[in-house]
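*Asks:*
Residue numbers (full-length UniProt numbering): 1 to 114.
1) For residue 45, collect the residues of the same chain with a Cβ closer than 8 Å to its Cβ; drop the 5 residues on either side in sequence, then sort them by chain order.
2) Please report the Cβ distance between residue 54 and residue 67, rounded to the nearest whole angstrom; I am assuming they are in contact, meaning their Cβ atoms lie under 8 Å.
3) Which stretch, first to last residue, makes up the beta strand (DSSP E) that contains residue 98?
4) Measuring straight from C-alpha to C-alpha, what distance separates residue 92 and residue 104?
5) Going by the DSSP bridge assignment, what does residue 117 pair with across the sheet?
6) Assuming the contact rule is C-beta atoms closer than 8 Å, residue 101 and residue 70 should be a hit. Round their C-beta distance to whole Å, please.
7) How big is the Cα-Cα spacing for residue 20 and residue 99?
8) Assuming contact is defined by CB atoms lying nearer than 8 Å, are residue 27 and residue 43 in contact in what I supplied?
This is the structure:
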């Protein structure tokens, strides 16, 4: 031994507490006033992310498709890498409106009320 004291082990810093996600369910876009009726064609019926998670598409019963693009993606690793590393996201992903289009006209169900 050279007489030097062995370095004391240091504890790893405690992970910072994560803010829990605040999930809210809405099947339509936009704010609705109290007692305001939701039209059937405005109800979102499909949601899909692309493989990277950077784009989001939604479709409603009226045949509208709305595309969103992730705005905070440059701050995060890819979804595939995050899953491999069991990476936790420290803040909510943010998306901005990109475009929308009419994919089809809503179908009329003649026998729906029979």
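In this text, a Cβ means the ideal position worked out from N, Cα and C, and glycines have one as well.
*Replies:* The relevant details are as follows:
1) Short of 8 Å from the beta carbon of residue 45, and not among the five residues preceding or following it, lie these beta carbons of its own chain, in chain order: 59, 60, 61.
2) Between the beta-carbon of residue 54 and that of residue 67 there is about 11 Å, and that puts the pair past the 8 Å contact cut.
3) For residue 98, the enclosing beta strand (DSSP E) covers residues 95 to 102.
4) Approximately 32 Å, taken between the alpha carbons.
5) This structure cannot speak to residue 117, because the chain is shown only from 1 to 114.
6) Separation of the CB atoms of residue 101 and residue 70 is rounded to 20 Å, and the pair is thereby denied contact status at 8 Å.
7) When rounded, the distance between both Cα atoms is 30 Å.
8) The answer is yes: Cβ separation under 8 Å.
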